[in-house]
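Down below is the structure, laid out as structure tokens.
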Amino acid sequence: MNLMLFGAPGAGKGTQAKFLIEKYNIPQISTGDILRAAIVDKTTMGMEAKKFMDAGQLVPDSTIIGIIKDRLAVADCKNGFILDGFPRTLAQAEALGELMENMKIKLDKVISLNVPDSLIVGRITGRRVCSGCGASFHVEFNPSKKDGVCDYCGGELTIRKDDNAETVKSRLEAYHSQTAPLIDFYKNMGVFMELDGTNDVSEVTNDMINALSSLILQIPTASSSYL
Ligand code: ADP
Ligand code: AMP
């Protein structure tokens, strides 16, 4: 199953991706996580991307498309994947379409988690991210069982450098001007679906799993393939 989680920064994509990984045994592909790993490794690409990320701006399309091209070629994607935070521009969406066509696979569903801007700032400023596995928690809305420690891998929970009220503004601006136009792009492809992302984490998960189980019933055995 080839899925895309769509929505504003802080809408809950990473949080929900963790449940889909377990349920469907397919990898999450988060361009944000890949870029942050490149920053930790101090690669040239990471150092270039950091400037944009710290300013709350999108990293150039050519960098992101290169990342996705390499990542989709990895063997663990052969039974499907969950795109998280990609694509964010029309150019990226078109490049993805081309890549998938070449791979003879198709996108099964784009799940949009709808959360108004008014809730996003609180979500992002209270976010805590595991330095080990990247899992996302929230000090108030989705706390880890043990303070400062990841429920999944025991890693240390940290605050992302770009998770501050100042940067959130630019990130929301980038979302509305450059990413939101993709809603029509995927509606036209007939794969776009919206969920209320303001519900509790577990409720959103249930809604998502229910929507996907009806999808699985509709897909013939050669799921996600044109062949
Ligand atoms: P995204 O990957 O879309 O940027 P995250 O999954 O990291 O967003 O979620 C952003 C923040 O909001 C995190 O702190 C997360 O714990 C919290 N969060 C996620 N889903 C919900 C929800 N349904 N209700 C309240 N808080 C949530
Ligand atoms: P995220 O982890 O998805 O919140 O992304 C963090 C930051 O990484 C964003 O604010 C962008 O600077 C950059 N980024 C992640 N994914 C993309 C993408 N698909 N296109 C452009 N920039 C991206």
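Counting in our numbering, the sequence shown runs from 14 upward without gaps.
Here a beta-carbon is modelled for each residue, glycine too, at the ideal position from N, C-alpha and C.
Since this is a predicted model, take the numbers as computed values, not measurements.
Beta carbon of Ala-178: closer than 7 Å to some heavy atom of the ligand ADP?
The residue given as residue 178 occupies position 165 in the sequence shown. Checking every heavy atom of the ligand ADP against the Cβ of Ala-178, none is found closer than 7 Å.
Near Leu-228, what residues of its chain come up, given a Cβ to Cβ distance below 7 Å and the 5 sequence neighbours on each side ignored?
Along the sequence shown, read from residue 1 onward, the residue named residue 228 stands at position 215. Taken in chain order, the residues that qualify are Asp-121, Lys-122.
Closest to Glu-186 by CA distance: which of Ala-68, Phe-32, Val-142, His-151 is it?
In the sequence shown, residue 186 corresponds to position 173, counting from 1. With distances taken between Cα atoms, Glu-186 lies closest to Ala-68.
Please report the distance separating the alpha-carbon of Asp-97 from that of Ser-144.
Here the question's residue 97 lines up with position 84 in the sequence shown. Here the question's residue 144 lines up with position 131 in the sequence shown. Looking at the two C-alpha atoms, the distance is approximately 18 Å.
I'd like to know whether the C-beta atoms of Glu-153 and Gly-139 end up nearer to each other than 8 Å.
Taking the sequence shown and counting its residues from 1, the one referred to as residue 153 is at position 140. Taking the sequence shown and counting its residues from 1, the one referred to as residue 139 is at position 126. A contact, by the Cβ cut-off of 8 Å.
First and last residue of the alpha helix (DSSP H) that includes Leu-174?
The sequence position of residue 174 within the sequence shown is 161, counting from 1. Looking at the sequence itself, residue 174 is Lys, so the reference to Leu does not match. No alpha helix (DSSP H) holds Lys-174; DSSP gives it neither H nor E.
When every heavy atom of the ligand AMP is checked, does at least one fall within less than 7 Å of the C-beta of Asp-175?
Your numbering for residue 175 matches position 162 in the sequence shown. Within the cutoff, so yes.
Is it right to say Met-60 is buried, meaning 16 or more other beta carbons lie within 10 angstroms of its own, or is it exposed?
As a position in the sequence shown, residue 60 is number 47, starting the count at 1. Classification for Met-60: exposed.
Taking 7 Å as the cut-off, does the CB of Gly-45 come closer than this to any heavy atom belonging to the ligand AMP?
Numbered from 1 along the sequence shown, position 32 holds the residue referred to as residue 45. It does: the Cβ of Gly-45 is within 7 Å (strictly closer) of some heavy atom of the ligand AMP.
What alpha helix (DSSP H) runs, 4 residues minimum, are completely inside the segment 65 to 117?
DSSP runs (the alpha helix (DSSP H)) wholly in the segment 65 to 117: 74 to 85, 103 to 115.
Consult DSSP for Met-60 and reduce its assignment to one of helix, strand or coil.
Along the sequence shown, one-based indexing puts residue 60 at 47. The answer is helix: DSSP assigns Met-60 an H, G or I state.
Cβ atoms of Val-134 and Leu-170: under 8 Å apart, would you say?
As a position in the sequence shown, residue 170 is number 157, starting the count at 1. As a position in the sequence shown, residue 134 is number 121, starting the count at 1. Not a contact, by the Cβ cut-off of 8 Å.
Starting from the Cα of Phe-70, find the closest Cα among Phe-198, Ala-51, Gln-191 and give me that residue.
Counting from one through the sequence shown, the residue named residue 70 turns up at place 57. According to the sequence provided, residue 70 is Gln. The question's Phe does not apply to it. Nearest C-alpha to Gln-70: Gln-191.
Which two residues bound the contiguous alpha helix (DSSP H) that contains Lys-26?
To locate residue 26, count along the sequence shown from 1; it is residue 13. From DSSP, the alpha helix (DSSP H) with Lys-26 extends over 26 to 37.
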